[in-house]
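978 is the number of the first residue of the sequence shown in the numbering used here; add one for each residue after it.
We treat Cβ as the ideally placed atom computed from N, Cα and C, and that holds for glycine.
Keep in mind that this is a model prediction, so the values were computed, not measured.
Notes to accompany the following structure.
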Amino acid sequence: MEAILTRLKARKKAPGPDGVHARVLAVVLPHMEVSVRELYTACLRSGRFPVAWKTGRLCLVRKEGRSADSSEAYRPIVLLDEAGKALEWVVASRLCRHLSVEGPELSEAQYGFRAGRSTLDALWDLRSHTSGVVDGVGRIARLTRKTANQTLQSPLVNGDSLVALLQSKGTSSRAVTEIHAGTPGALGVPSCCYETRQEMQLLVW
């Protein structure tokens, strides 16, 4: 609960559908710690993720320097309830800890959703890789977000396939149940998230 409280205090993003800001939740959490702990424990033990916490509020954020009449002038984001995001963080932390201790370890090419890694680290790694290719008289193709959206479709990850893969990696049954409960149907995942298609073929439709 201490780690959750620290994260809530640091968050400055807009609230989800319930309208409760992270900083407000951080203020009341010490007075509701027992109830919140019991709620999260019940979710983890039963393998259920509340439907309300899967529901988000869609917002369109205006990009600077773009015409208001253009669809490219807006960036869509989905705001989720902070209480649900805290539970997601607990599940993700347990899963990452399991992979780090029991293996197989996460790919070195993965920077998203990992502690101690940032966007700057990913950019530095990309720069080092591209510099090496150029120095070796290689070729680099650039694919922009706009081009990708027009020409590519992100593969879908099916919840059942994800569970099957986790089980094949030796993940505990409780963790698998938690992940399955938090995976509503299919999730769009960029193809660049995977180091090799062969290793993740169970996830891709």
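Residue i - DSSP class collapsed to helix/strand/coil
i       : result
Tyr1088 : coil
Val1134 : In this predicted model, Val1134 has a pLDDT of only 49, less than 50, meaning its place in the structure is not dependable; the value taken from the coordinates is given anyway. Reduced to three states, the DSSP call for Val1134 is strand.
Gln1127 : Residue confidence is low: Gln1127 scores 49 on pLDDT, short of 50, so the model does not pin down where it sits. No coordinate-derived value is stated.
Ser1145 : helix
Arg1094 : coil
Glu979  : helix
Leu1083 : coil
Pro1161 : Legend: pLDDT at Pro1161 = 46, less than 50; position of this residue unreliable, no value from coordinates given.
Per-residue burial, residue i [other beta carbons within 10 Å of its own, 16 or more giving buried]
i       : result
Trp1030 : buried
Phe1026 : buried
Cys1020 : buried
Contact check, residue i vs residue j, beta carbons under 8 Å
i       : j       : result
Leu985  : Ala1045 : no
Glu1065 : Leu1002 : no
Leu1016 : Leu982  : no
Arg988  : Ala999  : yes
Gly993  : Leu1057 : yes
His1034 : Val1055 : One point to set straight first is that residue 1034 is Arg, not His, in the sequence displayed. Yes, the pair counts as a contact, with Cβ atoms nearer than the cut-off.
Checklist entry - If you scan the stretch 985-1062 from start to end, which runs of the alpha helix (DSSP H) of 4 or more residues do you find wholly inside it? => result 999-1005, 1010-1023
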